[in-house]
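Undergrad:
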Amino acid sequence: MNPMHSSPPPEHVKKRVEELREQINYHNYLYYVLDAPEIPDAEYDRMLRELEELEKRYPELITPDSPTQRVGAPPVKEFGEVRHDPPMLSLNNAFKDQEVHDFDRRVRERLGVEQVEYHAEPKLDGLAISLIYEEGVLVRGATRGDGFRGEDVTANVRTIGAIPLRLRGSGYPRVLDVRGEVFMTKEGFERLNAAQERAGLKPFANPRNAAAGSLRQLDPNVTAQRPLTMYCWGIGLVQGGTLPERHSAIMERLRDWGLRVSPKSQVVKGVQGCLAYYRRMAEERDELPYEIDGVVYKVDRIDWQERLGELSRAPRWALAHKFPAKEEMTRLLDVEWQVGRTGALTPVARLEPVSVGGVTVSNATLHNQDEIERKDIRIGDTVIVRRAGDVIPEVVAVVESRRPPDARKPRLPRHCPVCGSDVILLPGEKIARCSGGLYCPAQRREAIKHFASRRAMDIEGLGDKLVEQLDEKGLIRDVADLYYLQQEDLEKLERMGKKSAQNLLQALEKSKRTTLARFIYALGIRHVGEATAKEIADHFGSLERIMQATREDLEAVQDIGPVVAESIYRFFREKHNREVIDKLLAAGIHWPAPPRRDRESLPLAGKTFVLTGTLSSMTREEAKERLEALGAKVSGSVSKRTSYVVVGADPGSKYDKALQLGIPVLDEPAFLELIG
Ligand code: IVH
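FYI, the numbering for the sequence shown is 53 to 728, going by the working numbering.
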């Protein structure tokens, strides 16, 4: 007992505690079971905190089924063993319609009936769990194990919000063993893997593995952080009470008691009903927020289930009808690097061909170098490939136990496999890119399309199709070649008459007159969109100055950070890019000199400043920029023509000179006031 409160809790506290628990459990039910929360999370949290406070003051009020008691159990060295009574059975599998027909026929023959109603359910891809409720209170949670013996994971199960610590309502048996599937939603899985990645940990291969790994944590506090949830699919031992006579009704009852049951389940008639359900779920599969690997049909009448019984650990009254597998195993023969539109190098796995869900897969994406390292994928490895929906097949994991001794790590090439330019990996980026830019054939077409686009060089009539034709025919190798096209070249193209050829040449001619900002944007430098291009153009005023700018110069431009600065800097260091620019200028591309800002009207126009000493509020460079922005000139030495000398801490000889010449001196506060 809490020594600070030896007095027993007053009645009104007891009542409030009861009230809060009831409320919290009710809102849990609305949230998890009905998917229809009524109050905002903040309100729920507030109630939970109030309950926590009261229980802290009066620990004698704490009960194991209090909603506050989900976390806090200490880690264990190993899980205890539990026996399942009755055992947790497995299911017979069907892959073809015929096998479902056979199943239905056997069931009908054994029962001697014409037609059977089945309860059709999604087959969740998680792990089986048994939950024992005594007097409505959760007393044990256990994994399936081998079906006869599993692991006691009670402390972990208690952390799963979707699992009630106490059943709702009344009428439940004294002892009830609820069985179901613990799983992770696709979204929860993505989030968890992103967190794993941030922590430098290995990602989980799929939601199933992630769920299993999370539930079998020795430290319940880790499990508590994992986005686990559950759906019930059956029951085990029932003592001191009765349940309805149909499986569908039992599931309904479980839902009333606050347990989660899949809303996708339904009663169907005969084999046709089963197959129709299968088709529907197969269609819905990719849209569901969690993974399913098939559907399960169960004879709905419990007395019929009992008559049918089981054979070698699988019930005769149930059948799993599996979807085509999404994952298969095969060998990674090699890794090649593909160059995409933006120059991104994507590692592509060359695989020993394998049929995944009925489609032969011999290539799969490996995403990027980072992923290869995190998943520790090596050439020669046996890997798991997944093909989901319409997406490109991917390598999800390695079967490490099958790694041959000569397996070798794939290496990011130092030069672009297409054009030979340097491959660069910018700091903070995962994707390596070819620096060839406009010169790299793989990037060329897209680069040309971008160059010609309306907001860039605005070459009217040069659409995607035409760009592709020109490239195919070898008429353009880089964007500059556009300006060297001849009437005869164009007329040879499909659907290109004399007139349209002339029009295109005219459009090209017209596009030569542009602005520096458009030109910079048209070059397609990574990270340089329209706005950045304009900033750069305004800041430097000329192409030469931009091309010569150092990283630091570039970073001095508004809104340009180190990543963008690096990208621009590298672009202009690439020889091929400089050649293309020369060729463009030689073709006659030009722009008006940047409109000179009307300096005369700026507040500090005509004034010359000299800075000395250290300012506390900004660097000298920043002070210089601010002054220049206001129209002032900043000079390095003091003369009679100096308007002001700004003096920071520890000024140098410029200060003495100012005093000598009688130049007005500004200390930092005065300076700040002046520049506003
Ligand atoms: S019924 C006798 N229903 O699949 C009842 N199982 O392959 C046996 N599973 O161990 C299970 N969704 O972990 C059943 N709707 C569902 C299921 C389901 C997933 C899992 C369960 C079981 C395994 C058998």
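Glycine included, C-beta positions come from ideal geometry on N, C-alpha and C.
DSSP three-state call for S473: helix, strand or coil?
TA: Taking the sequence shown and counting its residues from 1, one reaches residue 473 at position 421. Coil at S473, not helix or strand.
Undergrad: Should S142 be counted as a contact of the ligand IVH given a C-beta to heavy atom distance under 7 Å?
TA: Taking the sequence shown and counting its residues from 1, one reaches residue 142 at position 90. Checking the Cβ of S142 against the ligand IVH gives yes.
Undergrad: Where Y378 and E242 are concerned, what is the direct C-alpha to C-alpha distance, given to the nearest angstrom?
TA: Working through the sequence shown from its first residue, we reach residue 378 at position 326. Working through the sequence shown from its first residue, we reach residue 242 at position 190. Reading off the sequence shown, one finds Lys at residue 378, where the question assumed Tyr. Approximately 18 Å, taken between the alpha carbons.
Undergrad: Cβ-heavy atom distance between L522 and the ligand IVH below 7 Å?
TA: Taking the sequence shown and counting its residues from 1, the one referred to as residue 522 is at position 470. No; taking the cut-off as 7 Å, the Cβ of L522 has no heavy atom of the ligand IVH nearer than that.
Undergrad: Alpha carbon to alpha carbon, how far is P61 from S317? Give it in angstroms, no decimals.
TA: The count along the sequence shown starts at 1 and reaches residue 317 at position 265. The count along the sequence shown starts at 1 and reaches residue 61 at position 9. Those two C-alpha atoms are separated by around 46 Å.
Undergrad: Residues in the same chain with beta-carbon distance under 6 Å from R3, minus the five sequence neighbours each way, listed in chain order, please.
TA: Limits of the chain in this structure are 53 at one end and 728 at the other, which puts residue 3 out of reach.
Undergrad: What are the uninterrupted segments assigned as alpha helix (DSSP H) that are 4 or more residues long and contained completely in the stretch 221 to 303, given in chain order?
TA: With a minimum length of 4 residues, the continuous alpha helix (DSSP H) runs that stay inside the stretch 221 to 303 are 238 to 250, 259 to 267 and 272 to 276.
Undergrad: So, under 8 Å CB-CB, D177 and P259 are touching, yes? Tell me the CB distance rounded to an integer number of Å.
TA: As a working note, residue 177 is residue 125 in the sequence shown. As a working note, residue 259 is residue 207 in the sequence shown. About 7 Å; that satisfies the 8 Å criterion.
Undergrad: Write down every uninterrupted run of the beta strand (DSSP E) in the stretch 540 to 574 whose length is 3 residues or greater and which is fully enclosed by it, in chain order.
TA: Listed in chain order, there is nothing to give.
Undergrad: Just to check, is the beta-carbon of P174 closer than 7 Å to a non-hydrogen atom of the ligand IVH?
TA: Walking along the sequence shown from the start, residue 174 turns up at place 122. Checking the Cβ of P174 against the ligand IVH gives yes.
Undergrad: Nearest chain B C-beta to V435 closer than 8 Å, yes or no?
TA: Structure shown: chain B not included; a single protein chain is present.
Undergrad: Grouping DSSP H, G and I as helix and E and B as strand, with all else coil, what is T115?
TA: Within the sequence shown, the letter at position 63 stands for residue 115. Note: T115 maps to coil in three-state DSSP.
Undergrad: How many Å lie between I588 and L557 at the Cα?
TA: As a working mapping, residue 588 is identified with position 536 in the sequence shown. As a working mapping, residue 557 is identified with position 505 in the sequence shown. Distance between the alpha carbons of I588 and L557 is about 30 Å.
Undergrad: Determine contact between the stretch 391 to 405 and the stretch 448 to 461, defined as no fewer than three beta-carbon pairs at a distance below 8 Å.
TA: With the cut-off at 8 Å, the stretch 391 to 405 and the stretch 448 to 461 do not touch.
Undergrad: Tell me whether A722 sits in a helix, a strand or coil according to DSSP, three-state version.
TA: For this step, residue 722 is matched to residue 670 along the sequence shown. Note: A722 maps to helix in three-state DSSP.
Undergrad: Leaving out five residues before and five after H299 in sequence, what residues of the same chain have Cβ atoms less than 6 Å from its Cβ?
TA: The residue labelled residue 299 in the question sits at position 247 within the sequence shown. Cβ within range, chain order: H171, K350 and D352.
Undergrad: Do V686 and F661 have their CB atoms nearer than 8 Å?
TA: If you number the sequence shown from 1, residue 686 lands on position 634. If you number the sequence shown from 1, residue 661 lands on position 609. Yes, Cβ-Cβ distance for V686 and F661 is below 8 Å.
Undergrad: Nearest-angstrom Cα distance between E166 and R368?
TA: In the sequence shown, counting from the first residue as 1, residue 166 sits at position 114. In the sequence shown, counting from the first residue as 1, residue 368 sits at position 316. Cα to Cα, E166 sits roughly 17 Å from R368.
Undergrad: List the whole-angstrom C-beta distance separating S619 from R578, where the pair is believed to meet the contact cut-off of C-beta under 8 Å.
TA: In the sequence shown, residue 619 corresponds to position 567, counting from 1. In the sequence shown, residue 578 corresponds to position 526, counting from 1. Correct: roughly 5 Å between the Cβ atoms.
Undergrad: Can you tell me where the alpha helix (DSSP H) holding D97 begins and where it ends?
TA: Position 45 of the sequence shown, counting from 1, holds the residue named residue 97. Unbroken alpha helix (DSSP H) run through D97: D93 to R109.
Undergrad: Given 8 Å as the limit, is there contact between the stretch 329 to 340 and the stretch 301 to 310, that is, 3 or more CB pairs closer than that?
TA: Touching, no, given that fewer than three Cβ pairs across the two stretches are closer than 8 Å.
Undergrad: Can you give me the Cβ contacts of L306 inside the same chain, cut-off strictly under 8 Å, excluding the 5 residues immediately before and after it?
TA: The residue given as residue 306 occupies position 254 in the sequence shown. Correct list, in chain order: V230, C284, I287 and V313.
Undergrad: Can you tell me whether DSSP reads A328 as helix, strand or coil?
TA: Translated into the one-based positions of the sequence shown, residue 328 becomes position 276. Reduced to three states, the DSSP call for A328 is helix.
Undergrad: Judging by CA-CA distance, which residue of L190, R426, A246 and T666 is the nearest neighbour of A207?
TA: One-based indexing of the sequence shown puts residue 207 at position 155. Measuring from the Cα of A207, the nearest candidate turns out to be L190.
Undergrad: Check whether the Cβ atoms of C24 and V475 sit closer than 8 Å, and answer yes or no.
TA: Nothing about residue 24 can be read from this structure; the chain reaches only from 53 to 728.
Undergrad: Along the chain, where does the beta strand (DSSP E) containing I76 start, and where does it finish?
TA: In the sequence shown, the residue the question calls residue 76 occupies position 24. Run containing I76: none in the beta strand (DSSP E); it sits in the alpha helix (DSSP H), E63 to N80.
Undergrad: I'd like to know if the stretch 215 to 228 and the stretch 136 to 145 are in contact, where contact means that at least 3 CB-CB pairs between them fall below 8 Å.
TA: Segments in contact, no.
Undergrad: Would you decide whether T281 is buried or exposed? Buried here means 16 or more other CB atoms lie within 10 Å of its CB.
TA: Working through the sequence shown from its first residue, we reach residue 281 at position 229. Per the 10 Å Cβ criterion, buried.
Undergrad: Excluding the 5 residues flanking P116 on each side, which residues of the same chain have their C-beta closer than 7 Å to its C-beta?
TA: Within the sequence shown, residue 116 is the residue found at index 64, counting from 1. Counting only Cβ-Cβ distances below 7 Å, and skipping sequence neighbours, we find V189.
Undergrad: With a threshold of 16 other CB atoms inside 10 Å of the CB of G361, please say whether the residue is buried or exposed.
TA: Within the sequence shown, residue 361 is the residue found at index 309, counting from 1. Flag for G361 reads exposed.
Undergrad: Would you kindly check if the distance between the Cβ of A608 and the Cβ of A585 is under 8 Å?
TA: As a position in the sequence shown, residue 585 is number 533, starting the count at 1. As a position in the sequence shown, residue 608 is number 556, starting the count at 1. The answer is no: Cβ separation not under 8 Å.
Undergrad: Spatial neighbours of P445 within its chain, please: C-beta separation below 6 Å, excluding the five flanking residues on both sides.
TA: What you label residue 445 is simply residue 393 of the sequence shown in a count that begins at 1. Only V413, A416, V437 and R439 meet the Cβ criterion.
Undergrad: Comparing the CB of L464 with every heavy atom of the ligand IVH, is any distance shorter than 7 Å?
TA: Numbered from its first residue, the sequence shown carries residue 464 at position 412. No, the Cβ of L464 stays beyond 7 Å of every heavy atom of the ligand IVH.
Undergrad: Can you tell me where the beta strand (DSSP E) holding T434 begins and where it ends?
TA: Taking the first residue of the sequence shown as 1, we reach residue 434 at position 382. T434 to R438 is the span of the beta strand (DSSP E), which, as asked, contains T434.
Undergrad: What's the gap between the Cα of W389 and the Cα of C471?
TA: Numbered from 1 along the sequence shown, position 337 holds the residue referred to as residue 389. Numbered from 1 along the sequence shown, position 419 holds the residue referred to as residue 471. Cα-Cα distance, rounded: 12 Å.
Undergrad: Between L267 and T195, which are expected to be in contact by the criterion C-beta below 8 Å, what is the C-beta distance as a whole number of angstroms?
TA: Looking up residue 267 in the sequence shown gives position 215. Looking up residue 195 in the sequence shown gives position 143. That pair is a contact at about 7 Å.
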